[in-house]
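Take the sequence shown: its position 25, counting from 1, is numbered 25 in full-length UniProt numbering, and each next residue is one higher.
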Amino acid sequence: MVKKNLQDKQSTQKMYYDRKSNPLEPLQKGDTVRVRSEKGEWEQAKDMVNELCSGPCFAFEITGRGENTPIDFRDFVGPADPEIARHLRPNTLRAKFGHTKIKNAVHCTDLPDDGALEVEYFFKVLSD
Numbered sequence: 001m002v003k004k005n006l007q008d009k010q011s012t013q014k015m016y017y018d019r020k021s022n023p024l025e026p027l028q029k030g031d032t033v034r035v036r037s038e039k040g041e042w043e044q045a046k047d048m049v050n051e052l053c054s055g056p057c058f059a060f061e062i063t064g065r066g067e068n069t070p071i072d073f074r075d076f077v078g079p080a081d082p083e084i085a086r087h088l089r090p091n092t093l094r095a096k097f098g099h100t101k102i103k104n105a106v107h108c109t110d111l112p113d114d115g116a117l118e119v120e121y122f123f124k125v126l127s128d
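Rendered as structure tokens:
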């Protein structure tokens, strides 16, 4: 049901939503996007940015009790490569809904310390 609803909402332009479901301005071609990339991974990072800009996007702040919430959520999401996820963690989101390393269904914070930065960016910086 959720998948069908998300498919029904897809459009040619990506919209970002904050916690109150207020639409934020979609990215436009030519907008500046700051991307952190490990050495040698720039092409993959460019592909990921293009994918994130290709359709609807929903930002969620995941909260929980304790400092392990980012780690617990990352475990729920699964390995970044859906093919690996299907073999090692078949019940994760990426195993079930991901297609490739670029089209892997879900982006989540890699490092616990980055969670607060990403929440600040999506829910404060982009909504101002």
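All C-beta atoms, glycine included, are put in the ideal place defined by N, C-alpha and C. As the structure is a prediction and not an experimental result, all values here were calculated from the model.
Between residue 85 and residue 94 the beta-carbon gap is near 4 angstroms, inside 8 angstroms, which marks them as a contact. Residue 77 is positioned such that its CB atom lies closer than 8 angstroms to that of residue 106.
Nearest C-alpha to residue 108 among 99, 100, 118: 118.
The C-alpha of residue 68 lies about 21 angstroms from the C-alpha of residue 123. Nearest Cα to residue 100 within the set 112, 113, 83, 111: 83. In this model, residue 65 and residue 71 are separated by some 12 angstroms (Cα to Cα). In the three-state DSSP reduction, residue 81 falls in the coil class, being neither helix nor strand. In this structure, DSSP gives residue 68 a state outside helix and strand, which the three-state scheme calls coil. The closest CA to that of residue 103, considering only 87, 80, 90, is found on 80.
Residue 126 has its alpha-carbon roughly 20 angstroms from the corresponding atom of residue 113.
Boundaries of the alpha helix (DSSP H) around residue 117: 114–120.
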